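**Q** Our numbering puts the first residue of the sequence shown at 4, with every later residue one more than the last.
No residue lacks a Cβ here, since even glycine has one placed at the ideal position from N, Cα and C.
All figures in this text were calculated on a predicted structure; none of them were measured in a lab.
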Amino acid sequence: MQLSRLVKFHKALGDETRIRIISLLKEGPLHGQAIAGKLGLTAPTISHHIAKLREIDIIFQRREKNTIYFYLNEKKLTFMAEAILRLGTDEMKLAQVEDEEKYKVIKNFIQADGSLKTIPAQRKKRLIILEHMVKQLDIGKKYTEREINEHIKKFHEDFATIRREFVMCQFMFRQGGEYELNPKEMWPIN
């Protein structure tokens, strides 16, 4: 399980109204007006909280004629709630698998001299290669376009494409002709 999914789950449950909605749905499916009436809240407020619970997939809906009923996905709720207890072992296994996958991609696309054979066409592999390239830059340091180009040329001659990918994929941001690494939390993979 990805740690970010677990954090999102617990953030979504960190609201009294959402916990009360879960408690109501544990007794059986209800429509939005019924939930609003039982909790003494407005329908738009309930819609907002239901949307947050649907984002983490612990509530699903079914339409019966003109009424939408909300159901509790108890299996998913239980799995996610217990995930924190499995966190240590699952996270280590996941990190090991991801590291092995990254290593294989880097081995397949980077030659012995460190240069890039080709820019991967597959997005996931391209992100791994881009991450490999930016990890050699310093966080917090501002680079000129020329410095970034020289860094990229160590890997591949198409520095313009790769520089653009750094920015588009959120590894770096550009302001006034200077480039700086984004925090690792913003990287598409980390």
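Just the Cα atoms here: how many angstroms apart are P191 and L130?
**A** Here the question's residue 191 lines up with position 188 in the sequence shown. Here the question's residue 130 lines up with position 127 in the sequence shown. When rounded, the distance between both Cα atoms is 7 Å.
**Q** Return the CA-CA distance between V137 and K107, expressed in angstroms with no decimal places.
**A** Looking up residue 137 in the sequence shown gives position 134. Looking up residue 107 in the sequence shown gives position 104. For V137 and K107, the distance between alpha carbons rounds to 18 Å.
**Q** When burial is assigned at 16 or more other CB atoms within 10 Å of the CB, is L75 buried or exposed?
**A** What you label residue 75 is simply residue 72 of the sequence shown in a count that begins at 1. The residue is buried, with at least 16 neighbouring Cβ atoms inside 10 Å.
**Q** Rounded to whole angstroms, how far is the Cβ of L28 from the Cβ of F73, which I believe are closer than 8 Å?
**A** Residue numbering aside, residue 28 sits at position 25 when the sequence shown is read from its first letter. Residue numbering aside, residue 73 sits at position 70 when the sequence shown is read from its first letter. Indeed they touch by this definition, with Cβ atoms about 6 Å apart.
**Q** By DSSP, does E160 sit in helix, in strand, or in coil?
**A** Locating residue 160 in the sequence shown gives position 157, where the first residue counts as 1. Note: E160 maps to coil in three-state DSSP.
**Q** Are the beta-carbon atoms of N185 and M171 separated by less than 9 Å?
**A** Mapped onto the sequence shown, residue 185 falls at position 182. Mapped onto the sequence shown, residue 171 falls at position 168. It is not a contact, given that the beta carbons lie outside the stated cut-off.
**Q** Would I22 be called buried (16 or more neighbouring beta carbons within 10 Å of its own) or exposed?
**A** For the purposes of this step, residue 22 is taken as residue 19 along the sequence shown, with counting starting at 1. I22 should be labelled exposed.
**Q** Relative to the C-alpha of E148, which candidate in G180, L133, L119 has its C-alpha closest?
**A** As a working mapping, residue 148 is identified with position 145 in the sequence shown. E148 has its Cα closest to that of G180, out of G180, L133, L119.
**Q** When the Cα of D18 is compared with those of I53, G43, A46, which residue comes out closest?
**A** Taking the sequence shown and counting its residues from 1, the one referred to as residue 18 is at position 15. It is I53.
**Q** Would you report the Cα separation of K157 and Q173, rounded to the nearest angstrom?
**A** Working through the sequence shown from its first residue, we reach residue 157 at position 154. Working through the sequence shown from its first residue, we reach residue 173 at position 170. The straight-line gap from Cα to Cα measures roughly 21 Å.
**Q** Are M83 and F169 touching if we call contact CB-CB under 9 Å?
**A** As a working note, residue 83 is residue 80 in the sequence shown. As a working note, residue 169 is residue 166 in the sequence shown. The answer is no: Cβ separation not under 9 Å.
**Q** Within the present structure, is the beta-carbon of K55 separated from the nearest heavy atom of the ligand FAD by less than 8 Å?
**A** Here there are no bound small molecules, and the ligand FAD is not part of this structure.
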